[in-house]
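Position one of the sequence shown corresponds to residue 3 (this note's numbering), numbered consecutively onward.
Cβ coordinates follow ideal geometry from the N, Cα and C atoms, glycine included.
Source: prediction; values computed, not measured.
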Amino acid sequence: LNSVKQAKKNVQRNGIYSCNFKTLNLETNWIDSKEALYSSFWIMNPPRAGLSKKVLQTLIEKNPDGFLYSSCNHTTLARDLSLILNGNYRLSNVTLVDFFPRTKHFEVIVKVEKV
3 LNSVKQAKKN
13 VQRNGIYSCN
23 FKTLNLETNW
33 IDSKEALYSS
43 FWIMNPPRAG
53 LSKKVLQTLI
63 EKNPDGFLYS
73 SCNHTTLARD
83 LSLILNGNYR
93 LSNVTLVDFF
103 PRTKHFEVIV
113 KVEKV
């Protein structure tokens, strides 16, 4: 994925060597992969239906330090966050992005961190 390539270039350009970037489809890849077990920060961009029960359960079990959740459906985002924000996490940032001007569609990007 291009975003992973760009992230790798960016940390290299800034002299940061403690980061590692991987793409992993938690719907199709083995959920207990090394990436899922040891990643401290996740970036998730689920389909309109939101996170599946499998991914939600894994997120709760693996308990990363934080995550970004990019959603094109504010209803499923709210549903998923209501299950995740249980005292261990707090919502630290919410950003609306208008990728499709003059339409009713927008992306909501939330940053969630451990309390």
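{"Query": "Proximity to residue 70 [Cα-Cα], best of 58, 44 and 89", "Result": "44"}
{"Query": "Check whether residue 66 and residue 84 have beta carbons under 7 Å apart", "Result": "no"}
{"Query": "Cβ neighbour criterion (16 or more within 10 Å) applied to residue 73", "Result": "buried"}
{"Query": "Cα-Cα separation, residue 90 to residue 63", "Result": "12 Å"}
{"Query": "Beta carbon of residue 81 nearer than 7 Å to that of residue 117", "Result": "no"}
{"Query": "Own chain, CB closer than 7 Å to residue 16, minus 5 neighbours either side, in chain order", "Result": "none"}
{"Query": "Residue range of the alpha helix (DSSP H) that includes residue 4", "Result": "4 to 15"}
{"Query": "From 5, 21 and 58, residue whose alpha carbon lies closest to that of residue 29", "Result": "58"}
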